[in-house]
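Taking it in order: structure first as structure tokens, then the write-up.
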Amino acid sequence: MSAGAGVPASKDPVLAVLSRRFGGLPGRHAGRSLSWWTARRISLLAATLLWIVGALQKLPCRSTIAGVYPDTYKYLCYSDIPLLYTARGLADGNIPYFDHGNYQTLEYPVLIGYLLEFQRRITVLFGAPVGPGLDTQQALDASNLFATVNLVVLGVLFLITVWAHTRTIPADLAQGRSWDAMMIAISPMVLLAGFINWDFLAVALTALGFMFWGRRRPGLAAVMFGLGTAAKLYPVLFLGPLILLCLRRQKMREFGRLMIGFAVAWLVPNLPVMIFAPDQWLVFWTFNSDRTGDLGSIWYVFSLAGHPVPHLNVINTVILVLLCAGIGWLIFAARRPPRFGQLGYLVIAAFLITNKVYSPQYVLWLLPLLVLARPRWREWVIFTVGELGYFLAIWAHLDGTLTPGNGGPDKLYWLAVIFRIACEVWVGLVIIRDILVPDRYDPLRSAGAQGTVFYGTVADDPAGGVLRGAPDAPWVRRLHQWLASTG
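Be aware that the sequence shown starts at 25, since it is given in this note's numbering, and climbs by one per residue.
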């Protein structure tokens, strides 16, 4: 192997250009002095520093005097976490779903509720006052302490996400790919959006699911995806690509085991709430079904433009089904089986683009999938620019600073939504090109990419787990023959 062949700059055109400005690629002896500083440790250190900077960036939004509240939109540091501590009964000492009061039921899947109860108990353990008789200053102090506990817990979940990504591809196939985790570790979107809500619980579980799948542990992957769905709905969508990949590569027995593990892992946290608080369990589902086109969605832009879309639930569901059907056809029609990470990005991007809302923290769902699907800094930059533009625009929109002087609509916000969607679509189209011509474009499967297991003349998915090296079903080969004869 030539010098530098195992580092990102030797494989990524953007890094290759940048490295020439900082001394070029490492030489033969570079690894000896940095042997302890592996890609994993450097990525985790970078992630830790990023999270600390993010915590400092949130300080201007912390209110310490009741009744004096900073402009969280202006300082780009809004968070649901301290607000929902008092608004969902946690400050009163109530357990999510099971206790009731003069407040709205928590509108998140049950694993988020369990996480909040766990953190509430830690907050009380550290001395936070609790109970329905708190005055406004006591409630504010307790919510600030709760936010601090969340800052630590979410930071640990972020580190788990980065760590899992460095281990998704087995070590004998990685050859420098562990550095891809740096795209997550230094993302400005994590710094800005990581503390808005509790999405990192589902993101970390999803990252662990991909890691276990890539390391041929489908049972543990099933548990992680099941628990992830109990925290946020989106991990359930990975089952679609997985069943089609397993069908193509004759691994349906493994998928059956995955489904059993997934169902059990999802049911275990859900069942107590379903039995003892069924109405509260339904709140998440009814809340999302009843909402109209909301912030960040293309449907919201139509509404702002004076053209609300009727029957939105039906329309956005039909469009999502059609997009997923197209992804399904791609799985079977592609000459080489697509990688699981590629399909993960495509299906979640399709879901978010058609969804009725796009909260700023949803970028955390897509970021690790982008790195799995297209680990190139060019796509990372394009994706980040689109998401960052939207992040700035949403707070300016809510703050009213984008509204023109004549009181007309803030069309800059409309453009920010459209631009973000365009960047997500562009990355998706590049991934589709990679799937169709993997030997030329796919960073993980093209000529010179890592991998000791080959599918024909193309390196197989290094994170494919039980699918790696499995042959296509005979009917898939006949389909390709028919497509070739009609093409």
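Beta carbons are placed, not taken as given, at the ideal position from N, Cα and C, and that holds for glycine. As the structure is a computational prediction, the values presented were derived from the model and not from experiment.
{"query": "Reduced DSSP category for G424 - H, G, I as helix; E, B as strand; rest coil", "result": "coil"}
{"query": "L503 CB to nearest heavy atom of the ligand FAD below 6 Å", "result": "This structure does not include the ligand FAD; it has no bound ligands of any sort."}
{"query": "Own chain residues within Cβ distance below 7 Å of R444, not counting five before or after", "result": "G410, E411, G413 and Y414"}
{"query": "Distance CB(P265)-CB(V371) smaller than 7 Å", "result": "yes"}
{"query": "Nonlocal neighbours in the same chain, by C-beta distance under 7 Å from T427, ignoring five residues either side", "result": "D434"}
{"query": "DSSP three-state assignment for E403, whether helix, strand or coil", "result": "helix"}
{"query": "Short Cβ contact (7 Å threshold) for Y437 with A417", "result": "yes"}
{"query": "Among E131, Y97 and D496, nearest to F356 - alpha-carbon criterion", "result": "D496"}
{"query": "Close Cβ partners of H421 (< 7 Å) along its chain, the five nearest in sequence each way excluded", "result": "D434 and Y437"}
{"query": "Where S202 sits in the DSSP three-state scheme", "result": "helix"}
{"query": "Own chain, CB closer than 8 Å to A111, minus 5 neighbours either side, in chain order", "result": "Y127 and Q128"}
{"query": "Assumed close pair A63, T190 - CB separation to whole angstroms, cut-off 8 Å", "result": "6 Å"}
{"query": "Contacts around V148, its chain only, beta-carbon distance under 6 Å, and the 5 residues preceding and following it disregarded", "result": "V154"}
{"query": "Residue burial classification, G218 (beta-carbon count within 10 angstroms, cutoff 16)", "result": "buried"}
{"query": "Buried versus exposed call for V405 [16 or more other C-beta atoms within 10 Å across all chains shown]", "result": "exposed"}
{"query": "Status (buried if at least 16 other CB within 10 Å, exposed otherwise) for M276", "result": "exposed"}
{"query": "CB of I220 within 7 Å of CB of P384, strictly", "result": "yes"}
{"query": "Sequence-distant residues of the same chain with beta carbon closer than 6 Å to A245, five excluded per side", "result": "G233, F236 and W237"}
{"query": "Straight-line Cα distance separating T185 from D463", "result": "29 Å"}
{"query": "Inter-residue spacing [alpha-carbon to alpha-carbon] between G285 and G137", "result": "22 Å"}
{"query": "Between the CA atoms of C348 and L468 - distance to the nearest angstrom", "result": "24 Å"}
{"query": "Assigned exposure category for W305 - 16 Cβ within 10 Å defines buried", "result": "buried"}
{"query": "Alpha-carbon to alpha-carbon, L68 and L336", "result": "42 Å"}
{"query": "Alpha-carbon spacing of P498 relative to L269, whole angstroms", "result": "14 Å"}
{"query": "Cβ contact (3+ pairs, closer than 8 Å) linking the stretch 157 to 174 and the stretch 203 to 217", "result": "no"}
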